[in-house]
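Data first, discussion second: the structure below is written as structure tokens.
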Amino acid sequence: MARSWLEYKAPAWVQWCPGCGDFGILNAIYRAVAELDIPPERLVVVGGIGCSGRTTFYVKGSNAHALHGRAIPLATGIKLARPELTVIVAGGDGDLLGIGGGHFVALGRRNVDITVILFNNAVYGLTKGQAAPTLPAWVQTKALTSPNIHDNVNPVLLAFASGYTFIARGYAYHTNQLKELIKAGIRHKGAALIDVLQPCPTYNNVMTNKWYEERIYYVDEEGYDPVIRSADDMRNKLPRIMEKLMEFGNRIPLGILYWNQTRDSFEERLEKLMPGYLQAPPGTRRIDIEGRPVIDPFEVFKDRVIQT
Ligand code: SF4
1 MARSWLEYKA
11 PAWVQWCPGC
21 GDFGILNAIY
31 RAVAELDIPP
41 ERLVVVGGIG
51 CSGRTTFYVK
61 GSNAHALHGR
71 AIPLATGIKL
81 ARPELTVIVA
91 GGDGDLLGIG
101 GGHFVALGRR
111 NVDITVILFN
121 NAVYGLTKGQ
131 AAPTLPAWVQ
141 TKALTSPNIH
151 DNVNPVLLAF
161 ASGYTFIARG
171 YAYHTNQLKE
181 LIKAGIRHKG
191 AALIDVLQPC
201 PTYNNVMTNK
211 WYEERIYYVD
221 EEGYDPVIRS
231 ADDMRNKLPR
241 IMEKLMEFGN
251 RIPLGILYWN
261 QTRDSFEERL
271 EKLMPGYLQA
281 PPGTRRIDIE
291 GRPVIDPFEV
301 FKDRVIQT
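First residue of the sequence shown? That's 1 in the working numbering, and the numbers climb one at a time after it.
Structure (structure tokens):
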């Protein structure tokens, strides 16, 4: 029997604004990990700085709160040290695509088995509503003194170009559908991005629930097939996949947009390079016996000593 989602509810007062889309994402995470029966001690949620970063305090797990933009490298270190853990990154569009943009790209190149949940509200909510990297050009939200003159980053297209092998988009208020996307992202062996459109009722007075509800639709209702199983699949399906990854205007597609099942994960590549890595990863090895290191550094580096 699956666990109750209540097992994952940390005893902390949730401090988001009333009506914030973050509540829907948090609920979808609770239910996804409960249905996948992931023991809380084997779950790691890594958050960055921003309203979304507080997710690490609200989910029971072996969590970590990183510096601004550094959630992905911290999560990568945790996952590679203990590959058996389920590692989720919870970060905002400012954190992951602004200051953390380089790390976002690096995760795709490596295809580490981590699920990134992008809380995408197009503003820096925690610092009073400045324009974030996903705010479209010429949109003026209430904290801006003039319309935004930057073009926006498209997170799903950037993820595709970077090498993520699972890319989906959900909507924060559609908790059931979002839960299924998060489950699929966690099950996938490789870098997964779930771009979650998330109204910020306090600072984004343009991209509201009404604004999203008038535009969003689910790709699976149109018979869309995002799965890549071979090079031929890639050739044949690429034009349609690009269409869905680039569509963001009067219509915004939700669901699994791209799912490449042909590429090995970083952990599998490490296993090829260092046989035995997955059986005895670094995080499970003893580094000392009664306070003395198990490795003699003088022995390890003896060939590199420069004689003077
Ligand atoms: Fe949510 Fe916006 Fe409030 Fe942050 S500022 S908690 S994103 S409504």
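Every residue, glycine too, gets a C-beta built ideally from N, C-alpha and C.
Quick caveat: nothing in here was measured; it's all calculated off a predicted structure.
In the three-state DSSP reduction, W259 falls in the strand class (E or B).
Spatial neighbours of T202 in its own chain (CB-CB distance under 8 Å, excluding positions within 5 residues in sequence) are listed in chain order as C17, C20, G125, G129. Taken through DSSP and simplified to helix, strand or coil, N120 comes out as strand.
Two segments are said to touch when three or more pairs of C-beta atoms, one from each, lie closer than 8 Å; by this definition the segment 214–234 does not touch the segment 148–156. Around the beta-carbon of G48, 16 or more other beta-carbon atoms lie within 10 Å, marking it buried. Residue side-chain check: Y203 places its Cβ nearer than 7 Å to a non-hydrogen atom of the ligand SF4. Here I216 is bridged, per DSSP, to I252. Remark: three or more beta-carbon pairs, one from each stretch, lie closer than 8 Å, so the segment 151–166 and the segment 102–118 are flagged as touching.
With a contact defined as Cβ atoms closer than 8 Å, G91 and G100 qualify at about 7 Å.
With a threshold of 16 other beta carbon atoms within 10 Å, T86 meets it and is buried. For R285 and T145, the gap between their C-alpha atoms comes out near 55 Å. Leaving aside the five residues that flank A28 on each side, the residues in its chain whose CB is nearer than 6 Å to its CB run, in chain order, T175, L178, K179, I182. If you keep only unbroken alpha helix (DSSP H) runs of at least 4 residues inside the segment 104–150, you get nothing at all.
Taking all protein chains in view, the Cβ of E267 is crowded by 16 or more other Cβ atoms within 10 Å, so the residue is classified as buried. By the Cβ neighbour-count rule, S4 is exposed, with fewer than 16 other Cβ atoms within 10 Å of its own.
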